[in-house]
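Asker: So that we are looking at the same thing, I have put the structure below in structure tokens.
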């Protein structure tokens, strides 16, 4: 197996002083891959040089991933303190005391004493079962509530106080929501995980995060061509077919996916691509250490933004919502 020296990977400093890798590996199998397949890829990624892993209770594979973390530690492939391990509290665990239970469960399944970063997965308690289709929506789904969110966030802050997590973060938030929440936080988020890729760059949210010392972490950094069917719509943009992206990929003699990685890391947000295939996850890591994009190429990609969200979250809609854009405060 080809290995990338972790020291060559760009690093990012969080507002609390933590330093994390500038690229990581996601662990959401897009409802297509088994927990065992995902865990095997994580083990391979550790050996290949990855040091940041994005987990979540909702992905249903933390126990399997925990086993390979344990193997990597016991075999001396990597030390625990060398890894940045993230997880997220799922929507059905926002209640009083539930966040501590959720965190404890993730720690137990992952075989860890602490998490480096723990995030609120979605900004409301709208649950759906793994692999749910749109007809699997929770009839009790509700719109965003500052009061409900802050009850959850206070529990997140308590986890930091207890030493169970080093940093806390948010996910799937908008500027509208952040402006309501940030002034109320005793411990502010160090990261915000959202969709970002060359066809959905979210420049206003990106700049907002920079201004508030929050590091953006990007899921679907390649446009998620294998995303669940519930998040697809007729007319969706295909990121890999973006002409500007294809032209730059041709100039660098590589697949457009690798240009997505270069662009993300050079822009300054942290992409977390997922693949179970060794050549792909090694390629994603290696590409950010060499053959960098020029300033001119970065500018071409900046102008190519289509402002087209692909992960719409329609399964979380509540009664009375107009459409999925209400989830995102119609900021798109």
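Residue numbers (the numbering used here): 9 to 340. C-beta atoms are modelled at their ideal positions from N, C-alpha and C, and glycine is treated no differently.
Distance, Cα to Cα, residue 332 vs residue 324?
Answerer: 8 Å
Asker: Take residue 215 as the anchor and find which of 195, 182, 189 and 303 has the nearest alpha-carbon.
Answerer: 182
Asker: Quick check: the stretch 303 to 323 against the stretch 197 to 208, are there 3 or more CB pairs under 8 Å?
Answerer: yes
Asker: Quick check on residue 85: buried or exposed, where buried means 16 or more other Cβ atoms within 10 Å of its Cβ?
Answerer: exposed
Asker: Return helix, strand or coil for residue 24, following the three-state DSSP convention.
Answerer: coil
Asker: In its own chain, which residues sit with a C-beta less than 8 Å from the C-beta of residue 266, not counting the 5 before and 5 after it?
Answerer: 257, 260, 291, 292 and 295
Asker: What separation, rounded to the nearest whole angstrom, lies between the Cα atoms of residue 309 and residue 16?
Answerer: 24 Å
Asker: Find out if the Cβ-Cβ distance for the pair residue 62, residue 32 is shorter than 8 Å.
Answerer: yes
Asker: What residues in its chain sit with their C-beta under 6 Å from that of residue 193, if we drop five residues either side in the sequence?
Answerer: No residues qualify anywhere along the chain.
Asker: Under 8 Å, with one C-beta from each stretch per pair, do the stretch 273 to 285 and the stretch 162 to 175 reach the 3-pair mark?
Answerer: Output reads no: the stretch 162 to 175 does not touch the stretch 273 to 285.
Asker: For residue 34, write down the residues that DSSP places opposite it in a beta bridge.
Answerer: 62
Asker: Going by alpha carbons, who is nearest to residue 230 out of 268, 122 and 39?
Answerer: 268
Asker: Taking 7 Å as the limit between beta carbons, can you name the residues of its chain near residue 88, skipping five residues before and five after?
Answerer: 81
Asker: Residues in the same chain with beta-carbon distance under 7 Å from residue 270, minus the five sequence neighbours each way, listed in chain order, please.
Answerer: 295, 296, 300 and 301
Asker: Measure the Cβ-Cβ separation of residue 179 and residue 150 and say whether it is below 8 Å.
Answerer: no
Asker: On a CA-only basis, which of 52, 34 and 134 is nearest residue 93? Give me that one, please.
Answerer: 34
Asker: Would a C-beta distance cut-off of 8 Å place residue 168 and residue 195 closer than the cut-off?
Answerer: yes
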